[in-house]
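Numbering (full-length UniProt numbering), first residue to last: 1 to 546. Heads up, the beta-carbon is just placed ideally off N, CA and C, and yes, glycines get one too. Please read all numbers here as calculations on a predicted model, not as lab measurements. To keep things clear, I will list the structure first and then write my remarks on it.
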């Protein structure tokens, strides 16, 4: 006799076949068949987020480590709450499967005022996702979910939303069907002609530089070998750690430092690999690259997108760089004068930033000293995160410095929870500001309920410090709308049930952060920035707008 199961259970089994460990979500009357199947089967853990935005952001963070993150949200306004987080996942190229409900098929698109109905839900999901689908036939559900996973995990990766009417979720279908895990579409293969041209161009260079982005996260060994040959390496903030900061030819993420800009402009070849050359890392595309700039990217659409490129190679970063290392065997770019210039540029950038930060540089290094070597820093878009967290904080392995690629505030805590769930054997520190934390403060309860092994480090300056700096620099210090009432975050943390501290000096921070990191489970450390002193920051370097 043929077995029948609900579509909700079929979806749960598809997730199991893809070795999904966690689903992050908020249950609703329009997604209960899926949630019920997950609960009954007990193969995938359901993490109860306090909002749809948090659930998708947690899934986004997990996907960066595991290759697929899954979120389950409600319908209409609930799905709408996830839009900002979907936009972030698009910017980060995070392979996320976003499952959401929909009203019964009979009432779809009729403006019938059905509960949870939203005008053109599929439209706003398409606008904020890599792709979006509606499952209209129960029999087609498994195939559509598999297709969504394939699209989400195919380069350029990104979130895929699937809306499933509630009557489809509850419908019975015949079982079994094919449950083989689907694979991403094949990456472009490095062509022999491109390989030969790339090697010839590199061999002709005397002072080449390598600019690496998130596409090189799996190319660390090849990047290190190229650096050992004498090539200076500058990275996007997303690619921090692909080449360890400790390497003497690493320029870290100091792409906006004057001395590093000079090295870029004077290089006789710059090889850009797996990077979108984002506006905030190129001073709104005003940093000068030499005429001889070569780009390697797995996405053909990256060609000539932001900068004039003399040669484009469509290939996966690790394959292309590994081949380049092989083709350059026996060749050396090592030059004592060039190495001295690289060292001088890095030291000047470090010195300038350290001076700018004042006591916060000491706080930064105290945090690094207290963290285990394999710990992960997750940072929100806040003054501390965008200064010492993004550039001064030492990083020696990829994916040890997680942040919003869209530049959105308020994602840090949720990103940290997803990171902790994906890395149960590692300590996680979430660096957030008081303004951004308020956007998702309810997720502290999620952190406690999940007993996440993370420290929530709240830098409290009583408002939007980044805006203060920008208004001071560009608007004659006219200060409007950046002062915010903030609670005692130590008291909030205590009320939520986690170990909580308040510190008012760098010396006190050194003691407390060690205690918080040694604590197994969730902890909160609030830093009173008014007591420590001002942090000088006027937003990311950019071309003059005002």
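Taking C-beta atoms under 8 Å as the contact rule, residue 392 and residue 353 qualify, at a distance of about 6 Å. Counting along the chain, the unbroken beta strand (DSSP E) around residue 459 starts and ends at 454-460. In this structure, the beta-carbon distance from residue 121 to residue 163 falls below 8 Å.
The criterion of a C-beta distance shorter than 8 Å is satisfied by residue 30 and residue 74. With contact defined as three or more Cβ pairs closer than 8 Å, the region 51-71 and the region 91-102 are in contact. Contact annotation: the region 312-320 touches the region 193-208, with at least three C-beta pairs closer than 8 Å.
Taken through DSSP and simplified to helix, strand or coil, residue 285 comes out as coil. Each residue's CA atom was taken as its position, placing residue 413 and residue 489 some 13 Å apart. For residue 41, there is no enclosing beta strand (DSSP E); the residue is part of the alpha helix (DSSP H) that begins and ends at 32-41. The secondary-structure analysis by DSSP pairs residue 209 across a beta bridge with 232, 270.
Excluding residues up to 5 positions away in sequence, 132, 161 lie with their Cβ nearer than 6 Å to the Cβ of residue 125 in the same chain. In the three-state scheme derived from DSSP, where H, G and I count as helix and E and B as strand, residue 401 is classed as strand. For residue 516, the enclosing alpha helix (DSSP H) has its first and last residue at 506-518.
For residue 480, there is no enclosing beta strand (DSSP E), as DSSP marks it with neither H nor E.
Rounded to the nearest whole angstrom, the C-alpha separation of residue 243 and residue 398 is 8 Å.
Take the alpha-carbon of residue 472 and the one of residue 280: they are about 19 Å apart.
For residue 454, the closest C-alpha among the options 240, 191, 283, 523 is that of 523.
About 5 Å separates the Cβ atoms of residue 81 and residue 53, confirming a contact at the 8 Å cut-off. Taking residue 112 as the centre and dropping the five residues before and after it, the same chain places no C-beta closer than 7 Å to its C-beta. A residue is called buried once 16 or more other Cβ atoms fall within 10 Å of its Cβ, and residue 35 is buried on that count. When rounded, the separation of the alpha-carbon atoms in residue 338 and residue 297 is 27 Å. One thing to note: residue 172 has its Cβ within 8 Å of the Cβ of residue 4. If the five residues before and after residue 372 are omitted, its C-beta is found closer than 6 Å to the C-beta atoms of 427, all from its own chain and listed in chain order. Annotated three-state conformation of residue 256 is coil, per DSSP. With respect to residue 275, residue 231 sits apart: the two C-beta atoms are not nearer than 8 Å. Bounds of the beta strand (DSSP E) holding residue 314 are 311-314. With a threshold of 16 other beta carbon atoms within 10 Å, residue 249 meets it and is buried. Taking 8 Å as the cut-off, the Cβ atoms of residue 210 and residue 187 do not count as close.
Around the C-beta of residue 332, fewer than 16 other C-beta atoms lie within 10 Å, and the residue is accordingly described as exposed. Contact annotation, residue 382 with residue 432: C-beta distance approximately 6 Å; criterion of less than 8 Å satisfied. In this structure, the CA atom of residue 380 is about 18 Å from the CA atom of residue 513.
For residue 415, the enclosing alpha helix (DSSP H) stretches over residues 412-422. Secondary structure note for residue 290: it is in no alpha helix (DSSP H), with a DSSP letter that is neither H nor E. For residue 189, the number of other beta carbons within 10 angstroms of its own is below 16, and it is reported as exposed. Assignment of beta-bridge partners to residue 175 by DSSP yields 3. DSSP places residue 524 in no alpha helix (DSSP H) but in the uninterrupted beta strand (DSSP E) bounded by 523-528.
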